[in-house]
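Colleague:
Residue numbers (our numbering): 128 to 376.
#1: Taking the continuous beta strand (DSSP E) assigned at residue 341, which residues delimit it?
#2: Give me the DSSP bridge partner(s) of residue 336.
#3: If the criterion is Cβ atoms closer than 8 Å, does the pair residue 253 and residue 302 meet it?
#4: Can you check DSSP and say which residues form a bridge with residue 265?
#5: Which residue wins for smallest C-alpha separation from residue 372, given the options 165, 258, 169 and 194?
#6: Would residue 176 be called buried (16 or more neighbouring beta carbons within 10 Å of its own) or exposed?
#7: Output needed for residue 249: all residues of its chain with C-beta closer than 7 Å, excluding positions within five of it in sequence on either side, in chain order.
#8: Nearest CA to the CA of residue 357: which residue from 188, 222, 178 and 304?
#9: DSSP beta-bridge partners for residue 371?
#10: Counting pairs of beta carbons, one from the segment 278-289 and one from the segment 197-210, are three or more of them closer than 8 Å?
#11: Does the contact criterion of 3 or more C-beta pairs under 8 Å hold for the segment 328-344 versus the segment 255-270?
#12: Would you report the Cα separation of residue 267 and residue 128, rounded to the nearest angstrom?
#13: State buried or exposed for residue 299, treating a residue as buried only when at least 16 other CB atoms are found within 10 Å of its CB.
#14: For the alpha helix (DSSP H) containing residue 172, name the first residue and the last one.
#15: Note down, in chain order, each residue of its chain lying with its Cβ closer than 6 Å to the Cβ of residue 297, except the 5 sequence neighbours on either side.
If you want it as structure tokens, here you go:
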């Protein structure tokens with residue numbers, strides 16, 4: 128009965144392993160009368176529009192990274208990230224995203240930090256937090272009939288969730304911020320159930336989107352709704368993305 132109620136109310140069911148890390152997700156596609164129309168709009172999106180949408184995502188991701196650095200460290204590289212964001216081209220052909228990441232992660236977590244699927248507390252926290260956001264984004268995309276294998280920039284033939292991996296990019300700094308607080312402000316050196324509970328709060332972090340202050344989980348819904356209009360009208364103009372709030376504002 129509980130599973131049926133979840134499906135009826137568009138609630139995603141996430142299955143976890145014995146360490147409470149997400150393994151897979153059940154998302155209902157029943158009753159999606161607009162799915163064919165949505166997929167057609169995905170196929171018809173022009174390369175130019177796709178590149179401009181990706182530019183907006185990368186610019187906002189780097190700006191959020193700069194805010195994360197500024198809020199936690201008041202680091203001199205904040206301006207460098209802001210300038211990198213200004214230089215992002217359509218489609219990010221010069222890969223400013225990667226350049227920003229190299230600066231950002233070393234500054235935020237230390238010069239010895241290496242991002243990846245490692246078992247250290249920072250990477251464990253990041254991977255868990257990202258998986259929470261990714262699950263919620265996947266649920267919203269599925270709810271609106273998107274074919275998630277058809278990404279904007281992510282186009283791996285082996286990834287059925289390319290589009291979710293595009294959208295999550297701008298949200299990642301919100302997870303980065305919480306992981307920084309757990310490791311460096313709370314001085315916690317293990318990643319366990321209590322830390323996972325703290326990371327669940329990322330969905331309730333406040334952000335700014337469309338000139339409003341909302342919870343991050345609500346901003347995901349706004350992003351997807353705006354993305355629908357971008358696909359329908361073949362323009363990046365309507366894309367709305369979350370911005371991290373500066374400390375003190």
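Cβ coordinates follow ideal geometry from the N, Cα and C atoms, glycine included. Computed from a predicted model, the values in this text were never measured in an experiment.
Modeller: With the given structure in hand:
#1: 339-342
#2: 339
#3: yes
#4: Beta-bridge pairing links residue 265 to no other residue.
#5: 194
#6: It counts as buried.
#7: 236, 240, 306 and 310
#8: The shortest C-alpha separation from residue 357 is found at 178.
#9: In the DSSP secondary-structure assignment, residue 371 is bridged to 334.
#10: no
#11: yes
#12: Looking at the two C-alpha atoms, the distance is approximately 23 Å.
#13: buried
#14: No alpha helix (DSSP H) holds residue 172; DSSP gives it neither H nor E.
#15: 184, 187, 188 and 368
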